[in-house]
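Undergrad:
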Amino acid sequence: MRFTFPATIFVAFFLGLSIIVSAQTESRDQVLNQIEAKRAELAALEKSFLEPSADDYAAYAEFLKQPDTGLTRLLPRETYDDDVKSNKKSLTTRGGGAYYSFTRRTHEYGWGTQIGLEQNEFNVSFAGADYGMITNLGDVPLEAVTSENPAIKFLASYSAAEEEPQARSEYRRFASGETIGGTIYKTRAQARLNRTYALRGIHYSDSDVLVAFRIIRKDDDDSVIILWKLLKKYPKPELARNN
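All you need for the working numbering is the position in the sequence shown, starting with 1, plus 280.
Take a look at the structure:
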């Protein structure tokens, strides 16, 4: 004797199965939407965390009306970058808010990053053949700094290396430190409150800039607030690779 299921049972079974699959799909979509919402919320919180204070902006409001100027906070990499394994306070911003690009105006570490903060030192050379140099100008007002400043003239007139071996040689030169006209130019400089600095950042196929900045404040977490101005933008440098 053959036992057969009525057609309505098969229909009901497959309808129920499709409803379950649909419910699971909708549930995963909902979770994804929640993740995206949380990510946007976290990005907004991190942006707020990285912002200088309202008092900082108010104190330098007149200066910030000028073109190519800005105010930014740099966080200490050893505290906030998730690449540092001992970190307990890491941010999702790549680089942990320790880096900044004056041309892209972003803290995200990557192409065109011109400055970083780690162990109370500024760093201006990071990856590949890109390189830079920085010097401490002392306690001078940022408003008074121009490319004609004696200590900046070398940075302003410096010609970027055009071939990879030369670029890597220049990186080593400034990593060791180079004294020219009594001024020391290095890839690193100690971060000191109420000091003004000048840097040249050379990033092949991206940017080449001369920037002056001043540390106006340090916070309890060792982050620094810098007031900056772009002194000169050079043609985008290109590098002849060593084949």
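By construction, the Cβ of each residue, glycine as well, lies at the ideal position given by its N, Cα and C atoms.
Here the structure is a predicted model, which is why all the values come from computation and not from measurement.
By a C-beta neighbour count over all protein chains shown, 10 Å radius and 16 as the cutoff for buried, is residue 507 buried or exposed?
TA: Residue numbering aside, residue 507 sits at position 227 when the sequence shown is read from its first letter. So residue 507 counts as buried.
Undergrad: Measuring alpha carbon to alpha carbon, tell me which residue in 447, 393 and 450 is nearest residue 489.
TA: By one-based count along the sequence shown, residue 489 stands at place 209. Answer by Cα proximity: 393.
Undergrad: Would you grab the beta carbon distance between residue 505 and residue 356 for me? Rounded to a whole angstrom, and I think it's under 8 Å.
TA: Against the sequence shown, residue 505 aligns to sequence position 225. Against the sequence shown, residue 356 aligns to sequence position 76. Not really, about 13 Å apart at Cβ, beyond 8 Å.
Undergrad: If I follow the unbroken beta strand (DSSP E) through residue 402, where does it start and stop?
TA: Here the question's residue 402 lines up with position 122 in the sequence shown. Taken as a continuous stretch (DSSP letters only), the beta strand (DSSP E) holding residue 402 covers 401-403.
Undergrad: Counting only runs that start and end within the segment 395-465, where is the alpha helix (DSSP H) found for 4 or more residues in a row?
TA: Those alpha helix (DSSP H) runs which fall completely within the segment 395-465 and span 4+ residues are 430-437 and 444-456.
Undergrad: At a cut of 8 Å, does the segment 410-417 reach the segment 459-468 through at least three beta carbon pairs?
TA: Yes, they touch.
Undergrad: Do you know offhand how far residue 388's Cα is from residue 361's?
TA: The residue given as residue 388 occupies position 108 in the sequence shown. The residue given as residue 361 occupies position 81 in the sequence shown. So the alpha carbons of these two residues sit roughly 11 Å apart.
Undergrad: Count the other C-beta atoms from every protein chain shown that fall within 10 angstroms of the C-beta of residue 352, then say buried if there are 16 or more, exposed otherwise.
TA: For the purposes of this step, residue 352 is taken as the residue at position 72 of the sequence shown. Per the 10 Å Cβ criterion, buried.
Undergrad: Residues in the same chain with beta-carbon distance under 7 Å from residue 372, minus the five sequence neighbours each way, listed in chain order, please.
TA: Within the sequence shown, the letter at position 92 stands for residue 372. Once the five neighbours on either side are set aside, the close Cβ partners of residue 372 are 322 and 326.
Undergrad: Just curious, the alpha helix (DSSP H) that residue 334 is in, first and last residue?
TA: Locating residue 334 in the sequence shown gives position 54, where the first residue counts as 1. Looking at the DSSP string, the run of the alpha helix (DSSP H) that includes residue 334 is 334-339.
Undergrad: Please classify residue 518 as buried or exposed, where buried requires at least 16 neighbouring CB atoms within 10 angstroms.
TA: Residue numbering aside, residue 518 sits at position 238 when the sequence shown is read from its first letter. The residue is exposed, with fewer than 16 neighbouring Cβ atoms inside 10 Å.
Undergrad: Is the beta carbon of residue 409 sitting closer than 8 Å to the one on residue 374?
TA: By one-based count along the sequence shown, residue 409 stands at place 129. By one-based count along the sequence shown, residue 374 stands at place 94. Contact flag unset, no.
Undergrad: Please classify residue 376: is it buried, with 16 or more other beta-carbons within 10 angstroms of its beta-carbon, or exposed?
TA: Numbered from 1 along the sequence shown, position 96 holds the residue referred to as residue 376. Answer is buried; the Cβ neighbour count reaches 16.
Undergrad: On the premise that residue 404 lies in contact with residue 476, defined as a C-beta separation below 8 Å, what is that separation, rounded to the nearest angstrom?
TA: Reading the sequence shown from its first residue, position 196 is the one you call residue 476. Reading the sequence shown from its first residue, position 124 is the one you call residue 404. 15 Å between Cβ atoms; not a contact.
Undergrad: On the DSSP bridge list, what partners appear for residue 469?
TA: For the purposes of this step, residue 469 is identified with residue 189 of the sequence shown, where counting begins at 1. Bridge partners of residue 469: 402.
Undergrad: So is residue 495 in contact with chain D if we call contact Cβ pairs under 8 Å?
TA: Among the chains of the structure shown, chain D does not appear; only one protein chain is present.
Undergrad: Could you tell me if residue 462 is buried or exposed, where buried requires 16 or more neighbouring beta carbons within 10 angstroms of its beta carbon?
TA: Translated into positions along the sequence shown, residue 462 becomes position 182. Burial call: exposed.
Undergrad: From the DSSP secondary-structure annotation, give me the bridge partner or partners of residue 508.
TA: Counting from 1 along the sequence shown, the entry for residue 508 is found at position 228. Per DSSP, 350 and 493.
Undergrad: For residue 337 and residue 354, I'd like the C-alpha separation in whole angstroms.
TA: The residue given as residue 337 occupies position 57 in the sequence shown. The residue given as residue 354 occupies position 74 in the sequence shown. Taking the straight line joining both Cα atoms gives about 15 Å.
Undergrad: Which residue marks the beginning of the alpha helix (DSSP H) containing residue 357, and which one marks its end?
TA: As a first step, residue 357 must be located in the sequence shown, where it is residue number 77. Residues 357-360.
Undergrad: With DSSP as the reference, label residue 520 as helix, strand or coil.
TA: Translated into positions along the sequence shown, residue 520 becomes position 240. Residue 520 falls in the strand class under three-state DSSP.
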